[in-house]
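From first to last, the protein sequence lines stand for chains P, U, Z, X and F. Per our numbering, the very first residue in the first sequence carries number 6; after that it's consecutive. Per our numbering, the very first residue in the second sequence carries number 43; after that it's consecutive. Per our numbering, the very first residue in the third sequence carries number 8; after that it's consecutive. Per our numbering, the very first residue in the fourth sequence carries number -14; after that it's consecutive. Per our numbering, the very first residue in the fifth sequence carries number 803; after that it's consecutive. For each residue, glycine too, the CB sits at the ideal point set by N, CA and C. Written below as structure tokens is the structure these notes are about.
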Amino acid sequence: MSIVVGILFAIGTYLILSKTFLRIVLGTSIIGHGVNLLILTMGGLKKGSPPLRGLQAFNFTDSLPQALLLTAIVINFATTALFLVLSYRAYKVLGTDDVEQCRGYADE
Amino acid sequence: MKKLNDVILRTVTKTAVVIILTFSINLFISGHHRPGGGFIGGLAFVTAILLLFLVYDIEMVRKNIPIDFKVFAGIGVLISVFTGVGGMIAGKPFLSQAFGRVALPMFGETEMATSVLFDVGVALAVIGTSLTIIMSIGDDR
Amino acid sequence: MIQWILFTSLYFLTFSILATIYRLVKGPSAPDRVQALDALGIYLIAGIAIFSVLLRSTAFFEVILLIGILSFIGTIAFARFIERGVVIERKQSD
Amino acid sequence: MNGSNLIELGIAVIILLGTILGFLSSIGFIRLPDVYNRAHAFAKSSTLGVLFVLLGAFLFFLFAEGYFSIKLFLGIFFVFLTSPVSTHAICRAAYYSKVGLAKESVQDDLKEAIEGYTQKHSNAVARDF
Amino acid sequence: MNNYVVLPIIIPLITGMVMVVFKNNIWLHRILSLLAIALIGVDAVFLLEQIKTSGMQTLYLGGWVAPFGITLVADMFAALLVLVAAIVVFCCLCYAFSSIGSERERNYFYPLCLFLMAGVNGSFLTGDIFNLFVCFEVLLVASYVLVSLGGTKIQLRESFKYILVNMISSFLFLIAIAYLYAITGTLNLAHLSVRVAEAGQGGVITAVAILFLIVFSLKAGLFLFFWLPGAYSAPPTAIAAIFASLLTKVGIYAIIRLFSLVFYHEPGVTHLFIGILAAVSMVLGAMGAVAYWDVKRIITYNVVVGVGFILAGFASFSLVGIRGSVYYLLHDMIIKALLFLLGGTIIHLTGTGKLRDMSGLIRLYPQLGWMFFIAALSLSGIPPFSGFTGKIFVTTGTFQSGYFWLGGIGLLTSLLVLYSVMKIFMSVFWGYTSFTTESEKGTTKGLLPSMTFLASLTIALGLGAEGIHAYVDLAVAGLLDPHIYIDAVLGGNGR
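Written out as structure tokens, the structure reads:
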């Protein structure tokens, strides 16, 4: 799992460092998935009995990271969607999807 | 331009949308004890409407579902927050849940919890926001 | 015996998925790749079904239906895009 | 070997059959020359294979566990319904975006149909389709 | 158990959503938003009194007790910040009524402000680190939309970078949370403090602490402030004022809270690091402020200087230094809003942001000019105004704990800040009056009252520093002694 997290981070970083808007948005999305996986991995496997009555398992996954994960996914979903809409509008208004051309200020 | 001839797609869509809607309601209801719930149910609902968007077009869907989805989202969040406030009015901490058993006429005795109401709010909010986003991307001027 | 058969079928499925991925990477045109993605979804459904038989658990049925729905919608959206250049039409011309 | 075991064995064989069908179609997926042929390979045998697998799972839970899963039934129905349709949509998209046919193809009915249509409505624009 | 704690979060949420539902009635929007902010202010005063009489107030959401459920904690520090934030947003909204334009008003400006407010209050009041993240995201999403609202070219360009930077810092935040959870197995701040104290702050925890520091300094504009000038000068005045006075302060609050409550065991490493970052950001911010000849730029770089100064006081980690930080934080929120509003008004009046293109405005607008003069003096800490108390405490604190260089840099930069703001004053208001009333681009009608209120507030805060002394001291005591916080949150079962 950790290796997959690393691969996701690498891909995401590569995409963020590229030039077009869409690739950057995709890169943030992929890094977001990597982070979610990292949280899940960090939760780990617990020993002992689960905090629910009537279950006899001895190894179980921690449920708190999953709750965190759900929240993180929702937030990630919202921000990515917003980012996508915004970059689309930026593309429409600025007429370019190249980050290099969005640099600096017109009046300086 | 002539209308595109996609009878097959349209015929299948009519059935598929019904299936997806059924499934989304199923997901939504099963959320109290099993995987599912407001968020996922709402998203499944959105996929159904998204399919309609894909196969037909925005104007047509808008004509048939004349709801402003932003209002939808607002009402959803209001419902969710007010279920939390309900606990406050009763003197308990914010977001306290209450549940009891209610005898419904057709389904027999059913467990009713205020968290279901909270879930309804979440589902409405999800449907509203996602459809607003989809529309605002698809709706380029 | 049953387990053995199921594992064999999982092997077959793995080969099919590998073939699909080959087509996904190689595919000379966009429709090829979309087709491969659709195929991937379908094979995934089959794999999950086999797993749920293996584990004797009914928990995965939602996943089957969900992947089916998502892959269908994704494919339709891609097909729309390839065919007309837009995914969602504002007003369908007639 | 008693009855229920026999049933389970039969179900396993059905699943195996399904995956073999899927495997064959995936070979076709690699080997066939162009999009339309590959779509044909995929849409027919692979859908059938998955249907076998899902049917096997459905029967398994019906007989071995005594559990009639409406969700799985819906899933089977949905896959059965949508898989050919999505293939159809892709093929249409491929044809209208002018992905070429393989060299070995001998017949192109749709082209004749389109030409016939445009000749009939000669004032219509060529982008009609 | 106190339901007042949650009110600052849900009041703006509810009113914002009501506004979304009734979206066409602008007057309803205005009245409702003012009402909501006023309610938050009243609620914050209530909280202040309750905390003063009976200690910290906590609320366990849904009745789940501390280490397991979601906890909201209102200590003195947080309540003070909530109060000041409410005041500032109130003034900015009053300013916005006559300046923001009906296009933006109709595009959900007021609901977005209220959501921002909900996020800010939530991150002040939350008692566990994950909800800190969630509230951060709420306020960030609102701010993304606010930055890009209106959709001019500059706004879209800057908001793209702003969102990218903030998303990446959010991911880093999540990564840090994941590591922290893996090490300690809890996310409640009080519980974290207990666990870290038990296990000792080893190298790994210090590394995680530095990761947190990087995240929050990205958000607060401490050292990693490269995104800040662009993002804060793009949106319209009222929005920029809200951003400058609230968003960076949330980051500062998070740094102070985490490093006083959880990671306080290794001040030699972490707090020295904060001190260095603060010094560097002060120097760089002052250089930027001196170098530019553009009103908005100068003011924006002053934000960076302010952030550095507050954290310099905190880095000293002494009673006096932290007291200075709290004073200066409260002052900074007000004065930055005031400065941004003033700068925006100048640009609105003259139609340009270049200092060299304008002069002699004081003859036409004497009130505006003298208000700017007051703000400039207050910003650099001249005695009768509110900046003075904070500055003197911070400097004494840094000298006391041996960071002479830090205090020296602080004094030096306040001189530079004075120069940079006086530069605006001299070139904009002084000199030959080139403008006539005909050639002006806009009016100050409806803009002045809110600025006057803020200006009088900074005078009042300066003269009446003794009056809020009791509150600030309680806040500082809570920051210096984590056990007060822990006892209040975990109650009897704190292990």
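- In the displayed model, F/K963 falls within a helix according to three-state DSSP.
- Between F/M1135 and F/V1230, the CB-CB gap reaches or exceeds 7 Å.
- The segment 843 to 863 of chain F makes no contact with the segment 1092 to 1112 of chain F, as fewer than three CB pairs between them are under 8 Å.
- F/A1277 sits close to F/M878, with the two beta carbons spaced by under 7 Å.
- Judged by DSSP secondary structure, F/T873 falls within the beta strand (DSSP E) whose first and last residues are 873 to 876.
- Look at F/Y1167 here: in three-state DSSP terms it is coil, with no helix or strand label.
- In the DSSP annotation of this structure, the continuous segment of the alpha helix (DSSP H) that includes P/Y19 starts and ends at 7 to 21.
- For Z/V41, the residues of chain X that pass the 7 Å Cβ criterion are I75, in the order they occur in the chain.
- In summary, F/H1285 is exposed, with fewer than 16 beta-carbon neighbours lying within 10 Å of its beta-carbon over all protein chains present.
- Sixteen is the threshold: since fewer than 16 other Cβ atoms of the shown chains lie within 10 Å of the Cβ of F/G1070, the residue is exposed.
- Counting along the chain, the unbroken beta strand (DSSP E) around F/T860 starts and ends at 859 to 862.
- If you draw a straight line from the Cα of Z/L51 to the Cα of X/N22, it comes to about 22 Å.
- Not a single C-beta of chain Z is nearer than 7 Å to the C-beta of U/I109.
- Sequence-ordered contacts of the segment 65 to 85 of chain P with chain U read L75, V79, A83 [C-beta pairs closer than 8 Å].
- Per the Cβ contact rule, the segment 1109 to 1119 of chain F is in contact with the segment 1078 to 1096 of chain F (3 or more Cβ pairs under 8 Å).
- Our two residues, X/G7 and P/T85, have alpha carbons roughly 36 Å apart in a direct line.
- Annotation for X/F27: S10, F14, T72 place their beta carbon closer than 7 Å to its own, counting only its chain and skipping 5 residues before and after.
- What Z/L72 touches in chain U, judged by beta-carbon distance under 8 Å, is F65, going in chain order.
- For F/V823, the chain U residues whose C-beta falls within less than 9 Å of its own C-beta are K112, V113, G116, I117, L120, listed in chain order.
- Contact with chain Z is absent for U/L85, since none of that chain's Cβ atoms lies less than 7 Å from the residue's Cβ.
- Taking P/F14 as the centre and dropping the five residues before and after it, the same chain places the C-beta of I36, G39 closer than 7 Å to its C-beta, in chain order.
- By the criterion of a C-beta distance shorter than 7 Å, X/Y80 is surrounded in its chain by L95, once the five residues flanking it on both sides are discounted.
- The alpha carbon of Z/V60 has as its nearest neighbour, out of X/F37, X/F43, X/L36, X/G34, the alpha carbon of X/F43.
- For the set F/V808, F/V822, F/A1022, the Cα lying nearest the Cα of F/S972 is the one of F/A1022.
- Annotation: the continuous alpha helix (DSSP H) that includes Z/L73 extends over 68 to 91.
- Closest in alpha carbon position to X/G(-5), among Z/T82, Z/S36, Z/M8, is Z/M8.
- Here U/I91 really is in contact with U/L173; their C-beta atoms are around 6 Å apart, less than 8 Å.
- For Z/E90, the number of other beta carbons within 10 angstroms of its own is at least 16, and it is reported as buried.
- Assignment of F/T988 by DSSP, reduced to helix, strand and coil, places it in the coil class.
- Not a single CB atom of chain Z sits nearer than 7 Å to the CB of X/G(-5).
- Per DSSP, the continuous alpha helix (DSSP H) segment holding F/N923 begins and ends at 911 to 927.
- Between U/Y98 and the set U/D161, U/T53, U/L166, U/G163, the nearest pair of CA atoms involves U/T53.
- The residue among F/T1197, F/M919, F/L1060 with its C-alpha nearest the C-alpha of F/L885 is F/M919.
- For U/F81, the chain P residues whose C-beta falls within less than 7 Å of its own C-beta are V79, listed in chain order.
- For F/V1097, the uninterrupted alpha helix (DSSP H) run begins and ends at 1097 to 1118, by DSSP.
- Contact check for F/V807 against F/L874 passes: the beta carbons are separated by less than 7 Å.
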